[in-house]
Amino acid sequence: MERFDTKIAVILRDDLLAWQRLNVTAFLVSGLGTVVPEVIGEPYEDGDGTVYLPMFRQPVLVFAGSKELVRAAHGRALGRNLPVAVFTSDLFATGNDTDNRAAVKAVTTEQLDLVGVAVYGPKNAVDKVMKGATMHP
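Start counting the sequence shown at 2; every next residue gets the next number (my numbering).
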């Protein structure tokens, strides 16, 4: 198995419904490849020559934690200047990217009602960001 010097990790609030956890995870990791293109591998191709989209070249680790732990992870990630994606509770009520961005912009960093955070960076830095979180069940 290939070892990576970097890590992609998502932390989700442990009080989310199953559909919310899946949706938030998908949204959080969706922007990573546009900002950090080296995390994306080559396109896939099956035996018949049908080509499929490329995906992350490394695993995405998903963690769970309390609201306070998600907030702490967010602060640690920002403090380490790592690429960070956020999903707030307000985004469950919006229906498009413009409204999503407006909902985040409407509040200060400290006022964000975070339900999930994604982070990418050196393994040891990401491990410190996720300190106290448990692997998602």
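Yeah, the Cβ is synthetic: ideal placement off N, Cα and C, and Gly gets one too.
What you are looking at is a predicted structure, and each value in this text was computed from that prediction instead of being measured.
I'd like the list of long-range same chain contacts for residue i, defined as Cβ closer than 8 Å, with 5 residues on each side in sequence excluded.
i, result
"L54", "P44, Y45"
"R14", "A65, G66, S67, K68, V71, L115, V116, G117"
Which residues in the same chain as residue i place their Cβ atom closer than 7 Å to its Cβ, once the five residues preceding and following it in sequence are excluded?
i, result
"A104", "T89, D91, L92, T95"
"R77", "K129, V130"
Report the partner residues of residue i according to the DSSP bridge assignment.
i, result
"A65", "L13, T135"
"L115", "T89"
"T7", "P123"
List the whole-angstrom C-beta distance separating residue i from residue j, where the pair is believed to meet the contact cut-off of C-beta under 8 Å.
i, j, result
"V37", "P84", "6 Å"
"G42", "A86", "With a Cβ gap of about 20 Å, G42 and A86 do not count as contacting."
"T81", "G122", "For the record, residue 81 in the displayed sequence is Arg; it is not Thr. With 8 Å as the limit, R81 and G122 qualify as a contact, their Cβ atoms being about 7 Å apart."
Let me confirm a value: residue i is counted as buried when at least 16 other C-beta atoms fall within 10 Å, else exposed. Which label applies?
i, result
"T99", "exposed"
"T26", "buried"
"V206", "There is simply no residue 206 to check, as the chain begins at 2 and stops at 138 in what is shown."
"A19", "exposed"
"V40", "buried"
"K106", "exposed"
"K124", "exposed"
"R22", "buried"
"P108", "Reading off the sequence, residue 108 comes out as Val, not Pro. So V108 counts as exposed."
"V52", "exposed"
Among the residues of its own chain, which have a CB less than 6 Å from the CB of residue i, if the five just before and after it don't count?
i, result
"L113", "T89"
"V11", "T26, L29, V63, A119"
"F5", "Q59"
| request: Note down, one range per segment and in chain order, each alpha helix (DSSP H) of at least 4 residues found wholly within the region 9 to 34. | output: You should have 19 to 31.
| request: Mind listing, in chain order, the continuous beta strand (DSSP E) runs of no fewer than 3 residues lying wholly within the region 39 to 83? | output: 61 to 66, all fully within the region 39 to 83.
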